[in-house]
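Below is one structure, written out as structure tokens; the observations come after it.
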Amino acid sequence: NDWSEKPKGTPIPILACTFKEGLPEKDSEKVVNDGFPFVISTVRKEYVLKAESDEERKIWIDTMRRAQQRVIRENMGHRESHPKHKLLNSTGEWLFKRRIKADRESTLSIENMSA
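Numbers 2 to 116, taken from the numbering used here, label the letters of the sequence shown in order.
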């Protein structure tokens, strides 16, 4: 919630995302009667979100793609990054790497128990 002192979940690294209107390939046969779905895909997961209109969905996807381009330009040194954005990006990257490491350790632990 808004009053939480610790972040919940893991930030999604925008550079590793793709964005698509509609449902994931595996659900492409499903009929959606409420909302306009779109997908944010990462290496680990697919997030299916719904907008209230087709226009809103296009705005969401366009905004995420523009943010992706901004981060690319900042990483290449073609655009100055705001100090707060640098801090947020590095914190998000650290949280994501920590989550990947925890997942890897959990998988190894399960494999070791079954061996």
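All C-beta atoms, glycine included, are put in the ideal place defined by N, C-alpha and C.
How far does the alpha helix (DSSP H) with residue i in it extend, from its first residue to its last?
i, result
"Pro84", "Pro84 to Ser115"
Exposed or buried, what is residue i when buried is set at 16 or more other beta-carbons lying within 10 Å of its beta-carbon?
i, result
"Ile101", "exposed"
"Arg45", "exposed"
"Ile60", "exposed"
"Ile15", "buried"
"Arg58", "buried"
Taking the continuous beta strand (DSSP E) assigned at residue i, which residues delimit it?
i, result
"Val49", "Glu47 to Ala52"
"Lys59", "Per DSSP, Lys59 belongs to no beta strand (DSSP E); it is in the alpha helix (DSSP H), Asp55 to Met77."
"Glu26", "From DSSP, Glu26 is part of no beta strand (DSSP E); its letter is neither H nor E."
Identify whether residue i lies in helix, strand or coil by the three-state DSSP scheme.
i, result
"Thr43", "coil"
"Glu81", "coil"
Quick one, which of the options has its alpha-carbon nearest residue i's?
i, options, result
"Asp63", "Ile111, Glu94, Cys18 and Gly10", "Cys18"
"Pro38", "Leu50, His79 and Ile73", "Leu50"
"Ser91", "Asn76, Ala103 and Arg105", "Asn76"
"Thr43", "Glu56, Asn113, Thr108 and Phe97", "Phe97"
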